[in-house]
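For reference, the structure discussed in these notes is given below.
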Amino acid sequence: MKRTRYIFLALTLILCLGIVFTASASGKLTAKQMMIDRLQSADLIPIGDINKTSSGSASYQVKAISGALATTIEPVAKLAGADLRLDFQLDSPGNKMAMNYLLNYADGKYSGGMFMDGNRCIFTNEILSLLNNIQEGIMPADPPTYLYMDNPAFVDMWENMNRGQYLPPALKELVLFCAEAIPDQYFKVSLTNQRVSFSLDQKGLEDVTLAILNKVAAEKERFANLVADYVAYYGGEQEAIDMIREEIPGSIEQSINDGSYPNTAADVENIMAGMITLKELKYEAPII
């Protein structure tokens, strides 16, 4: 059980990396070191680009998935063969963004739009068809043309973006910790196509997961502090924050000593064989 928990942790960090990868790809990325340099700086995009609007596209694809998650959670099983394309236009000084999506999911095609304006997020009603596929009964008999959501937290998001910070500092440090561990070979740049990509197959996912787990084991105290800072940023109780700083290093050390910590390629392969099988996971975005 402990081993599975650590694997889930590594997978979560890998997905977070995909978020920052796509967000920062509008800057002039080369490969791993350029991304790390941007993460280490205060800005995730060049300061001169803050007053510019930008546009681009990104694509995500899961070609195959199996294992315990796919057999026990129906929406996860339906991810097999899913692919998503996003086309976006961003005007961060004006606190506006428009995004169109095209999703192939569970033998269905879904296309629609999402718009952000200040603290308001607006979806076209096509999103209801997708949600109804995931959980029947969501689609109303007379669906509205648009769905609106107001969230004061969006104001902070725009302020961060206008400072060049696409991620809260505490989350950025966790993503940086993850990025430091990933082997260079999984980052590629095509100057011909002007695309930058981060791509994993099953073997790559296992390699990256093991690299992150080994880094966590080697830097237990740093990792514990990063998690505690993340919890503190989102308003966690001081007692819980102190407990995280104290207990994570000891828990990891105990797991290593009793052999329950997955620290070999065979460990990761065996655990993930019963959890998820991935043919390809790819984050791709324009260099500029």
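Residues 227 to 514 (my numbering) are what the sequence shown spells out, left to right. All C-beta atoms in this analysis are idealised placements derived from N, C-alpha and C, irrespective of residue type, glycine included. In this text, all values refer to a predicted model and were calculated from it rather than measured experimentally.
Consult DSSP for I408 and reduce its assignment to one of helix, strand or coil.
-> coil
For Y327 versus L316, is the C-beta distance shorter than 8 Å?
-> no
First through last residue of the beta strand (DSSP E) which encompasses Y327 = 322–331
Residues bridged to D455 (per DSSP) = Answer is none; D455 lacks a bridge partner.
If you drop the 5 nearest sequence neighbours on each side, which residues of the same chain put their C-beta closer than 7 Å to that of V434?
-> I240, I408, Y412, L426
Grab the span of the beta strand (DSSP E) containing D317 for me, first residue to last.
-> 309–317
For I353, which residues of its own chain have a beta-carbon under 7 Å away from its beta-carbon, when the five flanking residues on both sides are left out?
-> Taking C-beta separations shorter than 7 Å and ignoring five residues to either side along the sequence, the partners of I353 in its chain run G338, L373, following chain order.
Residues of its chain near M375, where Cβ-Cβ distance is below 6 Å and the 5 sequence neighbours each way are ignored | C347
Where does the unbroken beta strand (DSSP E) through D343 begin, and where does it stop?
-> 334–343
Thinking C-beta only, is A324 closer than 8 Å to F349?
-> no
Since Y372 sits in a beta bridge, which residues does DSSP pair it with?
-> T350
First and last residue of the uninterrupted alpha helix (DSSP H) at S481 = 464–484
How about A443 and I482: are their beta carbons less than 8 Å apart?
-> yes
Rounded to whole angstroms, what's the CA-CA distance from A492 to I478? Just pull it up for me.
-> A straight line joining the alpha-carbon of A492 with that of I478 spans about 19 Å.
Starting from D427, follow the alpha helix (DSSP H) in both directions and report where the run begins and ends.
-> Counting along the chain, D427 falls outside any alpha helix (DSSP H), and DSSP gives it neither H nor E.
Span of the alpha helix (DSSP H), counted from its first residue to its last, around A492 | 491–499
With 8 Å as the threshold, decide whether the Cβ of P488 is near any Cβ in chain B.
-> Considering every chain present, this structure includes no chain B. It has just one protein chain.
Given K184 as reference, the closest of L357, D455, N388, E506 once Cα atoms are compared = The displayed coordinates of the chain run from 227 to 514. Any statement about residue 184 would go beyond what the structure contains.
My understanding is that P488 touches L431, with C-beta atoms under 8 Å, so please give their C-beta distance in whole angstroms.
-> Incorrect: roughly 13 Å between the Cβ atoms, too far for contact.
Buried or exposed: I470, going by 16 or more other Cβ atoms within 10 Å of its Cβ?
-> buried
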